[in-house]
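Reviewing the structure listed below.
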Ligand SMILES: *Cc1c(COP(=O)(O)O)cnc(C)c1O
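In our numbering, the protein residues as written are -5 to 372.
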């Protein structure tokens, strides 16, 4: 990958980078397999009725993912907007009419309850939909009575983030579902980055979650601007009621025919993939990094688990001893300044994290060499 950059990025003078960090939107999310690109190319060759296409793709994805209903959206963040709107109006056309003519302020149910420890940078999607975030608990703990007490006539939904990194201080999903449903309140599960394991595509809905959101452009390796909503048929239908191509509040988050067909191809591929073999490959690269880079003076390396959003995948964690004279920020900056640039995650002043899950074949040795070079004492 070193040397002159060709193709569209070369013509633009934009430098492609190696992503040893995570499925991050700011880095372009993920890379689509050829089958996904081919599905998008085929979809681009004809006009279709977009309602008909959405119905056909969604019912196929629902079937594949063992869900009762599905809807393709333009990303998990867009899914949060549509899910919030759906929980505020249900399938009530009078509420939809008021929403479009008078704005969200006229709707009686707008509160979305969220655990303090599950606040994320994606929360503004709820605010965009006109939801009001009501926080419960603290970073250490949340009591069941706090959720019960927060639920009232203005409650539209409870938002829940599964995954190990969001579990600290939060009630278990089972209890949230039981308490919310006893009060007639739907639960939205934001599982945007909770793949693998592939079973998560149906697990949360099977537990009883009303709406579950996934990114199409992370581990699924679908189009970057795609996402998936699955869940209860009436709630998914309520999401569809707000979504493009209807001329309603979801219209700015439209999904193209190319994204719909691309996401379907991505889901098919993802479910057919040998996940155990893929995980073994990531373990192998991680172990090699730990061994090679841990042998450098001033560096202590180990396998870190789970991955950045709590996915059951390893990363290599490099702890930098103060004697090294380098901070994690120095290492990160050196890797980004080199050719090709390499993006890595850091944790605090002294730890660098390397993720093998997004590498193209052969990139792991480039990462090994370049990180070793960056870790040499200044
Ligand atoms: C990535 C992510 C999102 C946003 O997903 P997009 O598909 O990029 O819109 C939302 N919520 C969580 C928890 C995420 O990790």
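Even glycine gets a Cβ: it sits at the ideal position worked out from N, Cα and C.
*For residue 22 versus residue 241, is the C-beta distance shorter than 8 Å?*
no
*For residue 125, verify whether its CB is less than 7 Å away from any heavy atom of ligand 1.*
no
_residue 146, DSSP secondary structure in three states_ = coil
*asked:* Is residue 154 a contact residue of ligand 1, with contact defined as CB to any heavy atom under 7 Å?
replied: no
*Residue burial classification, residue 4 (beta-carbon count within 10 angstroms, cutoff 16)*: exposed
*Count the other CB atoms, across all protein chains shown, that sit within 10 Å of the CB of residue 145; report buried if there are 16 or more and exposed otherwise.*
buried
_Suppose only complete runs of 4+ residues qualify. What are the alpha helix (DSSP H) ranges in the region 186 to 260, listed by chain order?_
194 to 201 and 227 to 236
*Compute the distance between the beta-carbons of residue 173 and residue 141, then report whether it is under 8 Å.*
yes
*Can you check the region 18 to 80 for any alpha helix (DSSP H) of at least 4 residues that lies completely inside it and give the ranges in chain order?*
28 to 37 and 44 to 58
*Out of curiosity, what's the CA-to-CA distance linking residue 239 and residue 127?*
28 Å
*With hydrogens ignored, establish whether the beta-carbon of residue 19 is closer than 7 Å to any heavy atom of ligand 1.*
yes
*Are residue 449 and residue 51 touching if we call contact CB-CB under 8 Å?*
Lying outside -5 to 372, the shown extent of the chain, residue 449 is not represented and no answer is given.
*Measure the C-alpha to C-alpha separation of residue 231 and residue 181 and round it to an integer number of angstroms.*
15 Å
*With ligand 1 as the reference, list in chain order each residue whose Cβ lies under 5 Å from any of its heavy atoms.*
19, 69, 70, 71, 116, 184, 186, 187, 209 and 221
*asked:* Does the contact criterion of 3 or more C-beta pairs under 8 Å hold for the region 247 to 265 versus the region 105 to 115?
replied: no
_Would you call the region 58 to 74 in contact with the region 213 to 227, where contact means no fewer than 3 C-beta pairs closer than 8 Å?_
yes
*What's the gap between the Cα of residue 318 and the Cα of residue 291?*
8 Å
_Inter-residue Cα distance where the pair is residue 139 and residue 122_ = 29 Å
*Spatial neighbours of residue 201 within its chain, please: CB distance less than 8 Å, with the 5 preceding and 5 following residues excluded, ordered by chain position.*
167, 168 and 171
*Where does the unbroken alpha helix (DSSP H) through residue 324 begin, and where does it stop?*
322 to 331
_Beta-carbon proximity of residue 272 to residue 284, cut-off 8 Å_ = no
*Using the C-alpha atoms, what's the distance from residue 184 back to residue 153?*
7 Å
_Spatial distance of residue 157 from residue 163 (CA atoms)_ = 13 Å
*Would you call residue 215 buried or exposed, if buried means 16 or more other Cβ atoms sit within 10 Å of its Cβ?*
buried
*Completely contained beta strand (DSSP E) runs for the region 263 to 350, where each covers 3 or more residues*: 293 to 298, 309 to 314, 339 to 341 and 345 to 348
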